[in-house]
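What follows is one structure encoded as C-alpha cells, with my remarks underneath.
In the numbering used here, the protein residues as written are 287 to 435.
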C-alpha cells in the first residue's frame with residue numbers, strides 16, 4: 287500500500303489522468319446502459335417512415351438543412367429544441383427519428399426528447415453523412431424562403 291501511495295505522490299499527473307479517464311469511461315458506460323432512445327440505420331429509418339406515422343426531426347442548423355435533408359423532415363436546431371418541445375406534444379407516443387450531420391448532435395437531442403417524456407425516439411446512426419454517402423438515399427433541397435420555423 288505504501289508503494290501505491292509513493293507512486294501516486296511521485297506521478298500525480300499520471301494518477302490524475304487515470305482518475306479522469308476512469309471517470310469518463312464509467313460515465314459513458316452508464317449513459318449507454320440507461321439511454322432511453324434507440325439507434326437505427328438509415329435503411330431501418332426508411333422502413334419506419336414507410337410503415338408508421340413517423341416524425342423526422344433534423345437538428346442541424348438552417349444552412350445545413352437547406353443544402354439537403356430527408357423528405358418531410360422538420361428543421362429544429364439542437365439549440366432551439368428545448369423551447370420548441372411544446373409544438374411536438376402531439377407526437378409523444380409516435381415514433382420520432384432524429385438526424386444531424388454525423389449522429390453526435392442527434393444523441394443529445396434524443397436525451398432531450400426522452401427526458402421530456404417522448405416514448406419512441408430513434409437516432410439515425412451516421413446522420414446525414416451516412417444517409418447520403420454510405421446508403422445513397424435521396425435528399426430534398428429546400429430554398430431558404432420555404433423553411434418553416
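Even glycine gets a Cβ: it sits at the ideal position worked out from N, Cα and C.
Residue interval of the beta strand (DSSP E) (run including residue i)
i, result
"residue 381", "381–385"
First and last residue of the uninterrupted alpha helix (DSSP H) at residue i
i, result
"residue 342", "Per DSSP, residue 342 belongs to no alpha helix (DSSP H); it is in the beta strand (DSSP E), 341–344."
"residue 396", "390–401"
"residue 291", "288–296"
For residue j and residue i, the rounded distance between their alpha carbons
i, j, result
"residue 351", "residue 392", "14 Å"
"residue 390", "residue 397", "12 Å"
"residue 425", "residue 308", "41 Å"
"residue 362", "residue 287", "55 Å"
"residue 416", "residue 328", "7 Å"
Neighbour-count burial assignment, residue i, 16 or more Cβ in a 10 Å radius
i, result
"residue 297", "exposed"
"residue 340", "buried"
Beta-carbon spacing of residue i, residue j below 8 Å
i, j, result
"residue 403", "residue 385", "no"
"residue 274", "residue 344", "Lying before the first or after the last residue shown, residue 274 is absent from the chain, which here runs from 287 to 435."
"residue 323", "residue 411", "no"
"residue 342", "residue 383", "yes"
"residue 325", "residue 407", "no"
"residue 357", "residue 378", "no"
Identity of the residues DSSP links to residue i by a beta bridge
i, result
"residue 355", "426"
"residue 324", "408"
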